[in-house]
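Participant: Start counting the sequence shown at 1; every next residue gets the next number (full-length UniProt numbering).
A virtual CB, placed ideally from N, CA and C, is assigned to each residue, including glycine.
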Amino acid sequence: MKIMAVLALLLGVMAILSPSVSYRDDYAPAARSVALNYAVYRNAAFLYALKHKPNGTISQAVLELPPEWHALRAWSARVEGGRCYVYGPASAEEIAATWELFQGSFAVGRAENGRLTPDGLTPLPAFIPADSLASVVEVD
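1. I need the DSSP call for residue 157, collapsed to helix, strand or coil.
2. Taking all protein chains shown into account, decide if Lys-51 is buried (16 or more other Cβ within 10 angstroms of its Cβ) or exposed.
3. Where do the ends of the alpha helix (DSSP H) carrying Leu-50 lie?
4. Excluding five sequence neighbours on each side, which residues of the same chain lie with their C-beta closer than 6 Å to the C-beta of residue 143?
5. Considering only residues of the same chain and omitting the five flanking positions on each side of Gly-82, which have a CB-CB separation below 8 Å?
6. Flag this pair as yes or no: are the beta carbons of Thr-117 and Gly-104 separated by less than 7 Å?
7. Taking the C-alpha atoms as reference points, what is the distance between Glu-80 and Tyr-27?
8. Do Glu-94 and Ala-31 have their beta-carbon atoms positioned less than 7 Å apart in this structure?
9. Could you spell out the range, first to last residue, of the beta strand (DSSP E) harbouring Glu-80?
10. Could you check if Ala-130 is buried or exposed, using at least 16 other CB atoms within 10 Å of its CB as the buried criterion?
11. With 16 as the cutoff for other CB atoms within 10 Å, does Thr-98 come out buried or exposed?
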């Protein structure tokens, strides 16, 4: 019985120390760079929206972005109906890398037929172009 307990303990330690099995590092460095670039912009936009409660487009100039940060895509942020939407053009691989970066969150994905995929349940406004990388967060 003690051997089983020690074995279970060792398996637990190995699981903690081993790299995550769910993380997939198959994406090209460029796709990962775009994903991280989007994440920084998205975070700044959401923090601004939560603090200032704007309505309409959020200019990049008002966001607290790192001085060395430069947009790799034409990211946009807009608050409408109490929700902050951050979106922009991205390839399928870049969208997948971003979704992976956000650990499979249903708040980030691809705009498809007016809905946020992969779940397809979250409606998106018409101003978000189809096939864009998009995310939404409630700010009210």
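Facilitator: Inspection of the coordinates gives the following:
1. The shown model of the chain, from 1 to 140, leaves out residue 157, and the question about it has no answer.
2. Taking the first residue of the sequence shown as position 1, residue 51 is located at position 51. It is exposed - the Cβ of Lys-51 has fewer than 16 other Cβ atoms within 10 Å.
3. In the sequence shown, residue 50 corresponds to position 50, counting from 1. Unbroken alpha helix (DSSP H) run through Leu-50: 29-52.
4. The question about residue 143 has no answer here: the residues shown for the chain are numbered 1 through 140.
5. Position 82 of the sequence shown, counted from the first residue, corresponds to residue 82. These residues qualify, in order along the chain: Glu-138, Val-139 and Asp-140.
6. Counted from its first residue, the sequence shown places residue 117 at position 117. Counted from its first residue, the sequence shown places residue 104 at position 104. For Thr-117 and Gly-104, no; Cβs fall outside 7 Å.
7. Here residue 80 refers to the residue found at position 80 of the sequence shown. Here residue 27 refers to the residue found at position 27 of the sequence shown. So the alpha carbons of these two residues sit roughly 33 Å apart.
8. Your numbering for residue 31 matches position 31 in the sequence shown. Your numbering for residue 94 matches position 94 in the sequence shown. Yes, these two residues count as a Cβ contact at 7 Å.
9. Locating residue 80 in the sequence shown gives position 80, counting from the first residue. Its beta strand (DSSP E) spans residues 76-80.
10. Indexing the sequence shown from 1 puts residue 130 at position 130. Ala-130 should be labelled exposed.
11. Along the sequence shown, read from residue 1 onward, the residue named residue 98 stands at position 98. Buried is the call here.
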